[in-house]
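**Q**
2 protein chains.
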Amino acid sequence: MNHKRSDCQRCRMRAQSIFAGLTPEELCSLGMEVEDMESGHGAVLYRTGEPARYAYTLREGAVKLSKSLGNGQEVIVRILHHGDLLGFEGMQGEPHRHTAIALAPSQLCRLDLAELQRLSERLPKVQAAILQRWQDALQSSEEQIVELGAKRAEARLATFLLQWSQRYPQLRSLPFPLTRTDIAAFLGLSTEHVSRIMADFKRQALIQEQGGQLEILKPTSLAHIAGMPDAHKSD
Amino acid sequence: MNHKRSDCQRCRMRAQSIFAGLTPEELCSLGMEVEDMESGHGAVLYRTGEPARYAYTLREGAVKLSKSLGNGQEVIVRILHHGDLLGFEGMQGEPHRHTAIALAPSQLCRLDLAELQRLSERLPKVQAAILQRWQDALQSSEEQIVELGAKRAEARLATFLLQWSQRYPQLRSLPFPLTRTDIAAFLGLSTEHVSRIMADFKRQALIQEQGGQLEILKPTSLAHIAGMPDAHKSD
DNA sequence: GAACGGCATTGAGAAAAATCAATTTTGACT
DNA sequence: AGTCAAAATTGATTTTTCTCAATGCCGTTC
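Chains P and G supply the protein sequences, listed in that same order. For the first sequence, the working numbering puts the final residue at 235, and the numbers step up evenly by one. For the second sequence, the working numbering puts the final residue at 235, and the numbers step up evenly by one.
Structure, rendered in C-alpha cells:
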C-alpha cells in the first residue's frame, strides 16, 4: 500500500465525487487531507468492528464489503466499483460494519472522517452529496434483497453478470477478477452451484471467459433469464 | 383514512422524530404542514412508481414496504414499526420505490416533501437526523441480505420472530397481524414452508399464537436456532 | 345456524440447491 | 519445462425448499 498527498483539483473523478458541486477555491480552502493510495488484490482496507478513522473513494478497481457469521461463513453485502464510496458509516462515529477487501488492484482516496464530519456540517452541498450516496446504497441493497428473496440461482447470476457489465459500458471484454466463491458469497449460493451455472452459460454461448476477462455474448438472453423482459433488443 | 392538522408540540413521538433536536420555538416557526392520519389494515399509503408528494412518520402500528416483480410475485423489503419513517426517497425528487401498505391499523404523520426539502436545507439538525435514518435503513437492509443469503428457513424465521418481539419490549403478548404469506414474502420462502416451521415452533413450545397475538416462550432457544449464540440467558 | 371466503395446515412428490468427494485446470514460481 | 497450490469443474447423493392438491379452521354474512 502506497500513500501520497492527493491533488484533488486535477482528479478526473472530481465531477462524480462528493466534492462535485464546489468551486476550485472552496475545494482549496477545505484543508482536507486526502491521501492517494493503491491497494493490491486481496488487500484489507478495514475490518468489521474496527473504529472508523477513514472513509474512501474508490477511484479505480473493485472492492467487496462483507460480513461474516459466527460459523465462519462470509456474505458479500455489496460490491463497489470506480466512483463508489466506502467507510462512511463511520461519520456517525460508529465502527465499521463490514470488512472491505480489494478484489482487484485499486486506487482510492482516503479521507479523514473527523475532518469530513466537520466539513459536511459547514457545507450543505457536501452533506447532500453524501445523503445521495446513502440513498444509492440503500437502493442497491434493496435490489439485492429482491434477488435473494425471489429469484432462482440462474436468474441471480444472470442479473449479477449484467450489472457487472453495466459498470464498464464501453468495454467489450470486462475485467472480472472474482472467484466462484466470491460470486457465491454475494448471491447466496454454493461455490459448486455457481460453477455449474457459469459452465451452463458458457455452453449456451451466453458468455465467454478467459484469464480474468469476461465477455457477455448475449445480453438479451441473459436479461431474459434474469427475469427482466425489458432492456435493449440486440442479442 | 382520516386527516387533521397535527399538534407537533405535544406529540409523544417528538423526542424520537426527525425534529427531535429543535426547540419548541424553532418547531413552531417551521410552518410545516403536518397532517395526522389513521390508516386501517390493508390501506395503501403509496405505490411503486408514483410521484412522491408526502413522507410519513409511523406513530403507531406497522407498515410493509414491498416491491413486485413482473410475474406478480411480491417481495417485502422492509417492515416498519412505530417510530420509523417512510417515503423519504422522494426528498431527492424520485418517485416512490415501494408500495407501502398498513399491516395493522396505524397512525401516521404526513409531511409535505417539498416543505421538508426546504426545511432540511435550512436546518442542519434535521438533515442530520434524516441522514441517520437512511443509515439505519441501510443497516437493516444489509442484515436482511445476510439472512436471505446465508441462513436456512428455520433460522430466518427465528430471527424474524425475535426481531419482531424486540419492537415491543415491555409486552409479553405481542400484536402479530401478519399472514403466513406476508412472512413468506419477507423471508423469501413459500407460504407453506413458513406454515410448517411455525407449526414446528409451536409443537416445540417455543412460541404460542392465538387471534393475532404472539407469545415468545423460549427466546434463548429461538436465538440459538437463529444462529446467534448471544442474547440473554433465561430459559 | 348454514354457507361462504380467506387463511392455515398437512401430505406427497418434484425441483432446486447443498454437500461430499474426486479430478482437472490454471497460474505462479522455480 | 516442472512443481505446487489455489481455484474450477464434475459427478453422485442428500437435504432443503417448492409446488400442487386436499382439507380444516375461523370469522362473517345472510
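Just so you know, even glycine gets a beta-carbon here, dropped at the ideal spot from N, CA and C. Note that the coordinates shown come from a computational prediction; the quantities given were computed from them, not determined experimentally.
#1: Can you say whether G:D84 is buried or exposed, counting buried as having 16 or more other CB atoms within 10 angstroms of its CB?
#2: Taking three-plus beta-carbon pairs below 8 angstroms as touching, is the region 104-119 of chain P in contact with the region 148-166 of chain G?
#3: Cβ of P:A62 less than 8 angstroms from any chain G Cβ?
#4: Going by other Cβ atoms of all chains shown within 10 Å of its Cβ, with 16 needed for buried, is G:P219 buried or exposed?
#5: Contact between the region 175-187 of chain G and the region 73-84 of chain G: three or more CB pairs below 8 angstroms?
#6: Which residues mark the beginning and the end of the alpha helix (DSSP H) in which P:T159 is found?
#7: Can you name, in chain order, every residue of its own chain whose Cβ lies under 7 angstroms from the Cβ of P:G90, other than the five neighbours on each side?
#8: Please list the terminal residues of the continuous beta strand (DSSP E) segment that includes G:C259.
#9: In this structure, how does DSSP classify G:M37 when only helix, strand and coil are distinguished?
#10: Using a 10 Å radius around the Cβ and a threshold of 16 neighbouring Cβ atoms, would you call P:K202 buried or exposed?
#11: For P:K233, which of helix, strand or coil comes out of DSSP?
#12: Within the continuous beta strand (DSSP E) that includes G:L174, where are the two ends?
#13: Closer than 8 angstroms is the cut-off here; do at least three beta carbon pairs connect the region 145-163 of chain P with the region 64-73 of chain P?
#14: Is there a Cβ from chain P that is less than 8 angstroms from the Cβ of G:I197?
#15: Can you find a CB in chain P that lies within less than 8 angstroms of the CB of G:G93?
#16: So the beta strand (DSSP E) P:R196 belongs to, where does it begin and stop?
#17: Check whether the Cβ of G:E142 lies closer than 8 angstroms to any Cβ atom in chain P.
#18: For P:Q135, count neighbouring C-beta atoms within 10 Å of its own C-beta (all shown protein chains included) and say buried if the count is 16 or more, exposed if not.
#19: Ignore the nearest five residues each way along the sequence and tell me which others in G:C28's own chain have a CB closer than 6 angstroms to its CB.
#20: Quick check: P:M13 and P:L108, are their CB atoms within less than 8 angstroms of each other?
#21: DSSP beta-bridge partners for G:E60?
#22: Should P:E142 be labelled buried (16 or more other beta-carbon atoms within 10 Å of its own) or exposed?
#23: Looking only at DSSP bridge pairs, what is P:A55 linked to?
#24: Quick one: what does DSSP say G:I18 is sitting in, helix, strand or coil?
#25: With a floor of 3 residues, list each beta strand (DSSP E) that falls wholly inside the region 60-104 of chain P, ordered by position along the chain.
#26: Could you give the distance in angstroms between the alpha-carbon of P:I145 and the alpha-carbon of G:K64?
#27: Between which two residues does the beta strand (DSSP E) holding P:L45 run?
#28: Going by beta carbon distance, what residues of the same chain come within less than 6 angstroms of P:V44, once the five residues before and after it are set aside?
#29: Might you give, ordered along the chain, the residues of its own chain that have their beta carbon closer than 7 angstroms to the beta carbon of P:E60, omitting 5 neighbours on each side?
#30: Answer yes or no: does any C-beta atom of chain G fall closer than 8 angstroms to that of P:I101?
#31: Since P:Q213 sits in a beta bridge, which residues does DSSP pair it with?
#32: Applying a beta-carbon distance threshold of less than 8 angstroms, which residues of chain G neighbour P:R97?
#33: Suppose you measure from the CA of P:R122 to the CA of P:G21; what does that come to, to the nearest Å?
#34: Name the chain P residues whose beta carbon is nearer than 8 angstroms to that of G:A150?
#35: Please report the distance separating the alpha-carbon of G:S39 from that of P:F88.
**A** To lay it out plainly:
#1: buried
#2: no
#3: Chain G, which has no Cβ nearer than 8 angstroms to the Cβ of P:A62, makes this no.
#4: By the 10 Å Cβ count, G:P219 comes out buried.
#5: yes
#6: Counting along the chain, P:T159 sits inside the alpha helix (DSSP H) bounded by residues 153-166.
#7: Closer than 7 angstroms at the Cβ level, and outside the excluded window around P:G90, lie A52, A55, H96, L113.
#8: Because chain G in this structure spans residues 1 to 235, residue 259 of chain G falls outside the shown range and cannot be described.
#9: strand
#10: Burial call: exposed.
#11: Note on P:K233: pLDDT 45, under 50, position unreliable in the model; no value is reported.
#12: Counting along the chain, the unbroken beta strand (DSSP E) around G:L174 starts and ends at 173-175.
#13: No, because fewer than three Cβ pairs between the region 145-163 of chain P and the region 64-73 of chain P fall closer than 8 angstroms, the two stretches do not touch.
#14: no
#15: G:G93 does not count as touching chain P.
#16: First-last for P:R196: 191-203, but that is the alpha helix (DSSP H), not the beta strand (DSSP E).
#17: Interface with chain P (8 angstroms Cβ-Cβ cutoff): G:E142 is included.
#18: buried
#19: The answer is none, since no qualifying residue turns up.
#20: no
#21: G:Q107, per the DSSP bridge assignment.
#22: buried
#23: P:L111.
#24: coil
#25: 63-68, 74-80, 99-102
#26: Cα-Cα distance, rounded: 14 angstroms.
#27: 44-46
#28: I101
#29: H82, S106, Q107
#30: no
#31: P:P175, P:Q210
#32: Q139, E142
#33: 14 angstroms
#34: L69, Q73, V75, G188
#35: 36 angstroms
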